[in-house]
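Worksheet for the structure shown next.
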Amino acid sequence: SSFFWAALGATVGLANLWQFPYLASQHGGGLFIILYLACLLLVTLPLMVTETVFGRHARHGIVLAMAGYVKTAGSHPLWRLAGPLSIVAAFLVLSFTVVFGGIVLAYIFYGATGQFGGSGEHSASRVLTNLVADPGNYREFMAWHVFFLLLVVLVSVRGVVRGVERSVRILVPFTLILMAGLFLLSVAGGQVGAGVEQILESRPEQLGFGSVRAAFFHAFYTLGLGMGVWAIFGAYAAPGTRLKRSILAVVLMDTLFAIGAGLMMFSVAGGGLDSERGFGLLFVSLPDTLSALPYSQAVIAAVFLLVVLIVWATSIALLEPLVGWFREWVGAPRRFSVGVMAIAVWLAGLATLFSFNLWSEYHPAGASLFRWLELISGGILIPLVGILISAFTGWCLTRKYANMLLGHAAAPLRKYWYWVLRFVVPLVVAWIGLQYTVFSLANVCETSHSAIWCGREQSVIEDQPVQDEPSGGDIQYDDG
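Each residue of the sequence shown is one higher than the one before, counting from 8 in the numbering used here.
In structure tokens, the structure reads:
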């Protein structure tokens with residue numbers, strides 16, 4: 008269905024490429040995958056279903072939906088904050104997602120033209136520095152930023168059916184086909200064993216509390232929760248759509264994609280990425296490794312075409328709740344709403360873009376502007392929205408009304424959904440948000456002791472790697 012493809016496009020994000028492979032390789036391989044699936048069932052699925060049915064029954068975005076449910080329940084007006092906070096979170100995350108989409112577009116061009124040579128001035132690190140961090144070259148960075156944003160706008164401006172739905176129905180399957188092709192390339196080269204060893208082989212000795220924390224973090228941050236995306240998809244879903252079944256299928260497909268992405272990346276790279284993750288994995292280590300392969304220009308271009316399709320689909324999904332909110336707020340036509348939101352996202356994105364070049368020395372309270380945007384969205388807004396929605400459902404709505412929103416489901420599933428939202432999800436999400444915030448503040452101290460929370464001797468958290476790096480459409484986090 009259209010709901011399935013649109014939702015899958017929203018969930019298959021960069022974290023599946025630059026976090027999941029590393030986490031699986033460092034936390035037990037196949038055992039980590041099982042642990043991750045358990046975290047999905049405990050926290051992610053109940054919250055995804057709740058956000059989606061809120062939008063479906065209200066036939067509005069998250070702002071008006073929450074306002075209506077709060078009024079129906081006769082609850083305190085502060086519960087309505089879940090709606091506006093979702094929109095702010097989506098806006099902030101989209102603002103830096105499109106910046107990194109520009110980097111990915113540039114990498115397709117650089118790869119196809121042979122600008123990655125593996126060492127010296129052609130190393131990926133040097134290429135990335137010239138594009139992103141050189142104050143004299145920021146205009147090229149801005150051009151790629153604008154180019155990527157225009158690609159997102161061209162889809163969104165055509166409407167939900169002719170634009171968003173049709174595009175994701177093409178983008179997502181093509182992404183899966185491209186990834187499968189790259190994986191078959193590695194199979195033909197006899198390198199698939201490296202991927203299987205890192206991702207699927209079970210290693211119990213690597214499991215620990217850090218593995219549990221990493222699984223919860225990835226389960227919560229990788230599927231677009233807390234940003235109004237699921238509510239707007241629920242509002243647009245056709246009346247006959249089986250939402251709960253579709254959501255489960257999306258989660259399973261997203262997990263399979265993450266596993267496939269890990270197998271593809273480790274196999275194509277011959278297992279040379281086992282200690283890498285995040286921004287450095289995708290934009291430095293991977294191009295350097297691929298540049299040594301036969302037909303490296305075509306391979307690098309194909310890999311980053313895969314990445315840009317993922318970021319493109321994610322950005323289209325993140326723009327939709329913003330456009331829907333603006334249309335409901337001012338009653339403006341869609342084209343005007345898309346234009347206004349795109350300009351606002353572009354302006355906000357400049358804060359991230361300039362954080363790496365012109366404003367690289369500007370660190371208010373000890374952190375770059377990008378770092379603050381990521382911390383506010385990932386450490387505060389998204390978890391707070393998750394807490395508000397789950398607690399409101401479990402404590403403010405009557406059980407009868409909540410079951411009506413959920414729709415047809417077996418009695419044990421109804422009870423599980425309701426009680427998990429009431430007692431488990433708010434506490435777990437609060438813990439995730441707190442952990443994320445503490446890690447982020449501690450990492451700031453690794454590079455600067457000027458912040459008021461930084462001690463003189465060492466940071467709050469031991470052995471946390473420095474990551475003042477872009478995170479794309481998915482919030483980046485430390486696994487500890």
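No residue lacks a Cβ here, since even glycine has one placed at the ideal position from N, Cα and C.
Here the region 173 to 190 lies against the region 8 to 15, with 3 or more beta-carbon pairs under 8 angstroms apart. The DSSP assignment places complete alpha helix (DSSP H) segments of no fewer than 4 residues inside the region 159 to 224 at 173 to 195 and 199 to 206, in order along the chain. When the alpha-carbon of I184 is set against those of L316, G37, T400 and F39, the nearest one is in L316.
For the region 296 to 330, not one full-length beta strand (DSSP E) segment reaches 3 residues or more.
One alpha carbon belongs to V70, the other to T104, and they sit about 22 angstroms apart. Shown here, P246 sits in coil according to DSSP, grouped into three states, outside any helix or strand. For W237, the closest alpha carbon among the candidates E368, V318 and V392 is that of V392. Cβ-Cβ distances below 8 angstroms link V111 to F155, F311, V314, V315 and V318 in the same chain, with the five nearest sequence neighbours on each side left out; the list follows chain order.
When C-alpha distances from F333 are compared across I323, V347 and L191, the shortest belongs to V347.
Closest in C-alpha terms to R378, from the list V275, N450, A31 and S218, comes N450. Under the Cβ criterion (8 angstroms, minimum of three pairs), the region 202 to 210 counts as touching the region 26 to 43. By the neighbour-count definition (other C-beta atoms within 10 Å, threshold 16), I350 is an exposed residue. Looking at I323, F264, P84 and F27, the one whose alpha-carbon comes closest to that of V159 is I323.
With the rule of 3 Cβ pairs closer than 8 angstroms, the region 355 to 363 does not count as touching the region 60 to 68. In the displayed model, L404 falls within coil according to three-state DSSP, outside both helix and strand.
In the pairwise beta carbon analysis, the region 14 to 23 is classified as not touching the region 200 to 207: fewer than three pairs are separated by under 8 angstroms. Between F223 and the set F273, L42 and S344, the nearest pair of CA atoms involves L42. Comparing alpha carbon positions, the residue from L420, Q26 and V427 closest to S218 is Q26. For secondary structure counted as the alpha helix (DSSP H) over 4 or more consecutive residues, the region 56 to 97 holds these complete runs in sequence order: 69 to 80.
The beta carbon of A119 is closer than 7 angstroms to those of Q304 and A308 in its chain, skipping five residues each way along the sequence. Where V134 is concerned, the enclosing alpha helix (DSSP H) starts and stops at A131 to L135.
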